[in-house]
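K.L.:
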Amino acid sequence: MLDIKFIRENPELVRQGLINKNSADVVDEILQLDEKRRTLISKSDELKALRNKVSSQIPILKKKGEDTSSIFAEMKKVGDEIAELDKQLKEVEDKLEEILRWTPNLAHSSVPVGKSAEDNVEVRRWIPEGFSFEFDFEVKDHIELGKKLDILDFERGTKISGSGFPLYKGKGATLERALINFMLDYHLQHHGYKEVFPPILVNRESMKGTGQIPKLEEDMYFIEKDGLYPIPTAEVPITNIHRDEILQEKDLTIKYVGYTPCFRREAGSYGKESKGFLRVHQFNKVEMVKFTKPEDSYDELESLVKDAEDILQALKIPYRVILLCTGDLSFSAAKCYDIETWSPAEKKWLEASSCSNFEAFQARRANIRFRREETKKVEYVHTLNGSGLATSRLMVSLLENYQTPEGKIIIPKALHKYTGFEIIG
RNA sequence: GGAGAGGUGGCAGAGUGGUUGAAUGCGGCGGUCUUGAAAACCGUUGUCCGUGUAAUGCGGACCGGGGGUUCGAAUCCCUCCCUCUCCGCCA
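Those letters in the first sequence? Residues 1 to 425, per the working numbering, in order.
(1) Go ahead and label Ala-178 buried or exposed: buried means 16 or more other beta carbons lie within 10 angstroms of its beta carbon, across all protein chains shown.
(2) Go ahead and pull the three-state DSSP assignment for Val-381.
(3) Counting pairs of beta carbons, one from the region 182–201 and one from the region 222–234, are three or more of them closer than 8 Å?
(4) With Phe-72 as the anchor, note down where its beta strand (DSSP E) starts and where it stops.
(5) Which parts of the region 307–380 are runs of the beta strand (DSSP E), unbroken and 3 residues or longer, counting only runs that do not cross its ends?
(6) Can you tell me whether Thr-292 is helix, strand or coil according to DSSP?
(7) If you draw a straight line from the alpha carbon of Thr-239 to that of Thr-210, how long is it in whole angstroms?
(8) Taking C-beta to C-beta, are Tyr-337 and Ile-317 nearer than 8 Å?
(9) Beta-carbon within less than 6 Å of Leu-89's beta-carbon, same chain only, minus the 5 sequence neighbours each way: which residues are those?
(10) Determine the direct distance from the alpha carbon of Ile-151 to that of Gly-258, and round the result to whole angstroms.
(11) For His-416, count the other beta carbons within 10 Å of its own beta carbon; 16 or more makes it buried, fewer makes it exposed. Which is it?
(12) CB-CB under 8 Å to Arg-51, same chain, minus the five flanking residues each way: which ones, in chain order?
(13) Below 8 Å between beta carbons: does that hold for Gly-146 and Gly-172?
(14) Measuring only from the beta carbon, is Arg-393 closer than 7 Å to any heavy atom that is part of the ligand ADP?
(15) What's the C-alpha gap between Ala-414 and Phe-154?
(16) To the nearest angstrom, report how far apart Arg-125 and Tyr-319 are at their CA atoms.
(17) Give the single residue among Tyr-298, Ile-410, Glu-379 and Thr-391 whose Cα lies nearest to the Cα of Ser-356.
(18) Can you name, in chain order, every residue of its own chain whose Cβ lies under 7 Å from the Cβ of Thr-404, other than the five neighbours on each side?
(19) By the DSSP assignment, the alpha helix (DSSP H) with Lys-27 in it spans what residues?
(20) Assuming the contact rule is C-beta atoms closer than 8 Å, Leu-315 and Pro-412 should be a hit. Round their C-beta distance to whole Å, please.
(21) Let me check one thing: in DSSP terms, what residues is Glu-245 bridge-paired to?
(22) Quick one: residues in its chain with C-beta nearer than 8 Å to the C-beta of Ile-4, no 5 flanking neighbours on either side, listed in chain order?
(23) Report yes or no: do three or more beta-carbon pairs, one from the region 379–386 and one from the region 296–313, lie closer than 8 Å?
(24) Please report the straight-line C-alpha distance between Asp-45 and Asp-244, rounded to a whole angstrom.
(25) For the region 286–295 against the region 387–398, do three or more pairs of beta-carbon atoms, one drawn from each stretch, fall closer than 8 Å, so that the two count as touching?
(26) Asp-307: buried (16+ other C-beta within 10 angstroms of its C-beta) or exposed?
(27) According to the Cβ coordinates, are Glu-400 and Ala-345 closer than 8 Å?
(28) Where Tyr-229 and Val-396 are concerned, what is the direct C-alpha to C-alpha distance, given to the nearest angstrom?
(29) I need the straight-line Cα distance from Asp-219 to Ser-343, nearest angstrom please.
(30) Assuming Lys-255 and Phe-370 form a contact by the criterion Cβ under 8 Å, report the distance between their Cβ atoms to the nearest whole angstrom.
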């Protein structure tokens, strides 16, 4: 949610920001409603002040035994007027809130202006020593490898649940578990995060808090009977840990890391892109979430990206870091880096991580604040999150990059103590 | 699933229609005392909105959410949500 005061004071800035984000210009509508809202509040408050003043006199008059019936009649009228004004006010506020809820965050000034993914900017790439984009044998894709080695079974996953629900088997299952444990441990030991293991079904308030609702409602599973949503990302429960709280300045930056499965309907996205692991309804992800002071959030974003990169460097998987342009930014994000790992079979970079600064956008929705020690004032925190990382896409790159000409998989050294084996096949 | 209890300020916990934003205790902050600390004592202690910025200014709202009764609601009524206890079932 954008700050109404900011919109009021910087309408043209907001207007341009919305255009840059390929979003409808609702600034005038917002300003009009805001104006109306404030007029109604003033009128209503004035009458309420009158009523309060008179009300406080009534017990005294009664004690004196004076007749209060004419006052009652008059105040009845005032009360009706107040009710009418408040009714109008509620309508205006509901409308305003609805518009603001559908209005995306604005991009940070350091974000390149652009229309689509084509305008994204590659910031850097990292290639392990001795790596070559050209293999001297014919590479197999992760689906073929998974099938041959009997570690991934997409067909039976489909039988159990439907397409997009992968079944890991044998060393594939162990490798998946090893990756999760390795990543968690790495962030705990090297990056100073606190581990959390949150609920993976959340209520509507939590979904609103991080901005998945209303914009992405169609992309979410929903358990109607209990009003609960299977989470699309751990960002939701972890960010909501501090919903409706006032944090202490000395506790910031708070850094959480947690593993959860993630569930996405991915409605309407079938076809080539959805083969195997490329797009699934259920996948595993280790997620990092930060709560920072506003002045720290962009430094924290840089270190967040580095934290995710460290995992890939430890695993020696080639990747590149992409800075998303304004048009490709997600609804809630002010700035976002994607990390893409190399798939030799697809000959493509695959998004394996997304690290975003939401500034106060989520904090305003979820009402997450902190108190400044010096001024004692409360302010919204900035929230950030990044995948560190999603295992499905990572698995594609890992299997394909570490395959041998014989179709075996070498396990990266960093994982040995987690897998208990060094090769599959 | 059945039966019951309850949701009040950072926490605990009073308050059943009228100067109640709300007693009291704890915690927090400031001060006195002290070489320092503790104890004791004194003072202070929420959030949001509007308005204004000479101000620790003025006004309004907030006692789980929503609605109602009333001149007036934390207090009465309706409704929804949540939490807890006991029983049942169960990983």
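Note that CB positions come from ideal geometry on N, CA and C, so glycine has one too.
P.N.:
Reading it off the structure:
(1) Buried: at least 16 other Cβ atoms inside 10 Å.
(2) coil
(3) The answer is yes - the region 222–234 touches the region 182–201, with three or more Cβ pairs under 8 Å.
(4) Run containing Phe-72: none in the beta strand (DSSP E); it sits in the alpha helix (DSSP H), 69–101.
(5) 319–323, 335–343, 348–357, 368–371 and 378–380
(6) strand
(7) Straight-line Cα distance between these residues: approximately 7 Å.
(8) no
(9) Leu-40
(10) 25 Å
(11) exposed
(12) Met-75, Val-78, Gly-79 and Ile-82
(13) yes
(14) Absent from the structure shown: the ligand ADP. Ligands present: none.
(15) About 27 Å.
(16) 6 Å
(17) Tyr-298
(18) Ile-410
(19) Looking at the sequence provided, one finds Val at residue 27 rather than Lys. Val-27 -> alpha helix (DSSP H) spans 27–64.
(20) 5 Å
(21) Partner residues in the beta bridge of Glu-245, as assigned by DSSP, are Ile-368.
(22) Ile-30, Asp-34, Leu-96 and Leu-100
(23) Using a C-beta cut-off of 8 Å, the region 379–386 makes contact with the region 296–313, since at least three inter-stretch Cβ pairs fall below that distance.
(24) If you take the alpha carbons of Asp-45 and Asp-244, they lie about 27 Å apart.
(25) yes
(26) Residue environment: Asp-307 is assigned as buried (16 or more neighbouring CB atoms within 10 Å of its CB, all protein chains considered).
(27) yes
(28) Distance between the alpha carbons of Tyr-229 and Val-396: 28 Å.
(29) 26 Å
(30) Not a contact, Cβ separation roughly 15 Å.
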